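K.L.:
6 is the number of the first residue of the sequence shown in my numbering; add one for each residue after it.
Before I ask anything, let me first share the structure, which is written out below as structure tokens.
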Amino acid sequence: MSNTADILITGVGANGLTAWRRGDGGGLTGGDLEVPGAALVGLAEDASGDATRLLAAVDPLLSSGATAPRVCVWVLPAGYLLAGLDGPGGSLLLEQLHAQAGPATTVVVAEPVAALVGALGEVAPGVVLALGADVVILATDFDQVWRQVDGWGVTGLSGRGSGAWIGGEGLAAALRAADGVPGGSPALLRAATARFGPQGRWSMLLTSPDAAATLTGFAAVVGDVAADDPVAEQICRAAAEHLADSVQAARRDLPSLPVCAVGGLLFVDAVRVSLASALGKRRILLSPALGGVGEGGRIMADYVAARRALPHRPPLVWRSDRRGVL
Numbered sequence: 006m007s008n009t010a011d012i013l014i015t016g017v018g019a020n021g022l023t024a025w026r027r028g029d030g031g032g033l034t035g036g037d038l039e040v041p042g043a044a045l046v047g048l049a050e051d052a053s054g055d056a057t058r059l060l061a062a063v064d065p066l067l068s069s070g071a072t073a074p075r076v077c078v079w080v081l082p083a084g085y086l087l088a089g090l091d092g093p094g095g096s097l098l099l100e101q102l103h104a105q106a107g108p109a110t111t112v113v114v115a116e117p118v119a120a121l122v123g124a125l126g127e128v129a130p131g132v133v134l135a136l137g138a139d140v141v142i143l144a145t146d147f148d149q150v151w152r153q154v155d156g157w158g159v160t161g162l163s164g165r166g167s168g169a170w171i172g173g174e175g176l177a178a179a180l181r182a183a184d185g186v187p188g189g190s191p192a193l194l195r196a197a198t199a200r201f202g203p204q205g206r207w208s209m210l211l212t213s214p215d216a217a218a219t220l221t222g223f224a225a226v227v228g229d230v231a232a233d234d235p236v237a238e239q240i241c242r243a244a245a246e247h248l249a250d251s252v253q254a255a256r257r258d259l260p261s262l263p264v265c266a267v268g269g270l271l272f273v274d275a276v277r278v279s280l281a282s283a284l285g286k287r288r289i290l291l292s293p294a295l296g297g298v299g300e301g302g303r304i305m306a307d308y309v310a311a312r313r314a315l316p317h318r319p320p321l322v323w324r325s326d327r328r329g330v331l
């Protein structure tokens, strides 16, 4: 497999856009690039505008080489790409990115696909639990089976056990303590008040554009409080049960594949331990994750550059050449 092809990797997540380009000689061309706060509007609403914004953001890297990259891989949120499955948005985005960036091949992939590849260290069958503000579980053999569970991208309607879910449950427990009803946590009330101010302001958290990120930030606090607080501990246990149920559902057609989990919340002891316990009850063991989403994008770019068979499988994988259409 080639590891010296000129490739450009771009990812858009909750914290903005990151990108890097590697030249034909194997070194960085134009260095790394970060655009905090960069956001996508939506495939249904403004696919063309999103493509224009993405291209403008990475233009310093596109213009850093004498020629266009051989392969461009764009890693985008799964919920965002799902919106393009039944309409023209996904194809329009792909075509515009490909036409204006000018590579031999453009690949747009959902974040969980890159997360799986990064976790396994190769393009290979497996199951990944990607845990962040939202949560998505993907099980695939990179052939006929592509099963996604959760990850619909709508706070309150998806993300069972996610960072936003844990944070929201923590705030609800804090308010129960303030109201003096059962199920409240004085410890979470103190922590939430210190973080967000008086309770009267908390409703604004759920209506702000960064509501999911704000709630996820509080999820780590819930995990820390769980060491000494039974209510916070139960929230983490309940989240783990939701996550384990989703993993079990995702792998029902591929029960023998390795299962990996990625995401910053796994560094929170109460979340990690509760998840391992919940999976263990279902006889599911986690394999160590070797890398993250960025590494997965790099592996996929090299995979495509070496003319390996990565199928065109919307909404999870979109290829400009439509090779491997299922």
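The beta carbon of each residue, even a glycine, is placed where N, CA and C say it ideally should be.
For clarity, every value in this text was computed on a predicted model and none was experimentally measured.
PRO319: buried (16+ other C-beta within 10 angstroms of its C-beta) or exposed?
P.N.:
For the purposes of this step, residue 319 is identified with residue 314 of the sequence shown, where counting begins at 1. Buried: at least 16 other Cβ atoms inside 10 Å.
K.L.:
Between the beta-carbon of GLU116 and the beta-carbon of GLY18, is there less than 8 Å?
P.N.:
Mapped onto the sequence shown, residue 116 falls at position 111. Mapped onto the sequence shown, residue 18 falls at position 13. Yes; because the gap between Cβ atoms is below 8 Å, this pair is in contact.
K.L.:
Three-state secondary structure (DSSP) at SER163?
P.N.:
Translated into the one-based positions of the sequence shown, residue 163 becomes position 158. Strand, per DSSP.
K.L.:
Can you tell me where the beta strand (DSSP E) holding TRP25 begins and where it ends?
P.N.:
For this step, residue 25 is matched to residue 20 along the sequence shown. 21-27 is the extent of the beta strand (DSSP E) around TRP25.
K.L.:
What's the call for GLU238, buried or exposed, on a 16-neighbour Cβ count within 10 Å?
P.N.:
Taking the sequence shown and counting its residues from 1, one reaches residue 238 at position 233. Buried: at least 16 other Cβ atoms inside 10 Å.
K.L.:
Is ARG58 helix, strand or coil by DSSP?
P.N.:
Counted from its first residue, the sequence shown places residue 58 at position 53. When secondary structure is reduced to three states using DSSP, ARG58 falls in the helix class.
K.L.:
Can you find a C-beta in chain D that's less than 8 Å from the C-beta of SER292?
P.N.:
No chain D appears in the structure shown, which is made up of a single protein chain.
K.L.:
State yes or no: is the C-beta of ALA306 within less than 8 Å of the C-beta of VAL78?
P.N.:
By 1-based counting over the sequence shown, the position of residue 306 is 301. By 1-based counting over the sequence shown, the position of residue 78 is 73. Their beta carbons are under 8 Å apart, which means ALA306 touches VAL78 by this criterion.
K.L.:
Can you tell me where the alpha helix (DSSP H) holding ILE304 begins and where it ends?
P.N.:
Taking the first residue of the sequence shown as position 1, residue 304 is located at position 299. Run containing ILE304: 298-310, per the alpha helix (DSSP H) assignment.
K.L.:
Count the other CB atoms, across all protein chains shown, that sit within 10 Å of the CB of PHE272; report buried if there are 16 or more and exposed otherwise.
P.N.:
Within the sequence shown, numbered from 1, the residue matching residue 272 stands at position 267. By the 10 Å Cβ count, PHE272 comes out exposed.
K.L.:
In angstroms with no decimal places, state the Cα-to-Cα distance between GLY188 and PHE223.
P.N.:
Sequence index remark: in the sequence shown, residue 188 carries index 183 (1-based). Sequence index remark: in the sequence shown, residue 223 carries index 218 (1-based). Rounded to whole angstroms, GLY188 to PHE223 spans 18 Å at the Cα level.
K.L.:
So which of ARG256, ALA310 and THR15 has the shortest CA-CA distance to GLY302?
P.N.:
Along the sequence shown, one-based indexing puts residue 302 at 297. Ranking ARG256, ALA310 and THR15 by Cα distance to GLY302 puts THR15 first.
K.L.:
Just how far apart, CA to CA, sit ALA88 and ALA104?
P.N.:
The sequence position of residue 88 within the sequence shown is 83, counting from 1. The sequence position of residue 104 within the sequence shown is 99, counting from 1. When rounded, the distance between both Cα atoms is 22 Å.
K.L.:
When you compare only the Cα positions, how much space is there between ALA178 and VAL141?
P.N.:
Looking up residue 178 in the sequence shown gives position 173. Looking up residue 141 in the sequence shown gives position 136. Going by the C-alpha atoms only, they are around 25 Å apart.
K.L.:
What does the alpha-carbon distance come out to for the pair LEU315 and SER190?
P.N.:
Mapped onto the sequence shown, residue 315 falls at position 310. Mapped onto the sequence shown, residue 190 falls at position 185. Cα-Cα distance, rounded: 49 Å.
K.L.:
DSSP beta-bridge partners for ARG335?
P.N.:
Since the first residue shown for the chain is 6 and the last is 331, residue 335 is missing from the structure and cannot be characterised.
K.L.:
Report buried or exposed for LEU162, applying the criterion of at least 16 other Cβ atoms within 10 angstroms of its Cβ.
P.N.:
The sequence position of residue 162 within the sequence shown is 157, counting from 1. Under the 10 Å beta carbon count, LEU162 is surrounded by fewer than 16 other beta carbons and is classified as exposed.
K.L.:
Pick from ALA56, ALA144, LEU66 and SER167: whose alpha carbon is nearest that of VAL113?
P.N.:
The residue given as residue 113 occupies position 108 in the sequence shown. Nearest of ALA56, ALA144, LEU66 and SER167 to VAL113, Cα basis: ALA56.
K.L.:
Grab the span of the beta strand (DSSP E) containing ALA144 for me, first residue to last.
P.N.:
Taking the sequence shown and counting its residues from 1, one reaches residue 144 at position 139. Element bounds for ALA144: 140-145.
K.L.:
What are the start and end residues of the alpha helix (DSSP H) that includes ILE171?
P.N.:
Looking up residue 171 in the sequence shown gives position 166. Counting along the chain, ILE171 sits inside the alpha helix (DSSP H) bounded by residues 168-184.
K.L.:
For GLY297, which residues in the same chain have their Cβ closer than 8 Å to its Cβ, ignoring the five residues on either side in sequence?
P.N.:
Here residue 297 corresponds to residue number 292 of the sequence shown, with the count starting at 1. Counting only Cβ-Cβ distances below 8 Å, and skipping sequence neighbours, we find ALA120, GLY123, ALA124 and VAL267.
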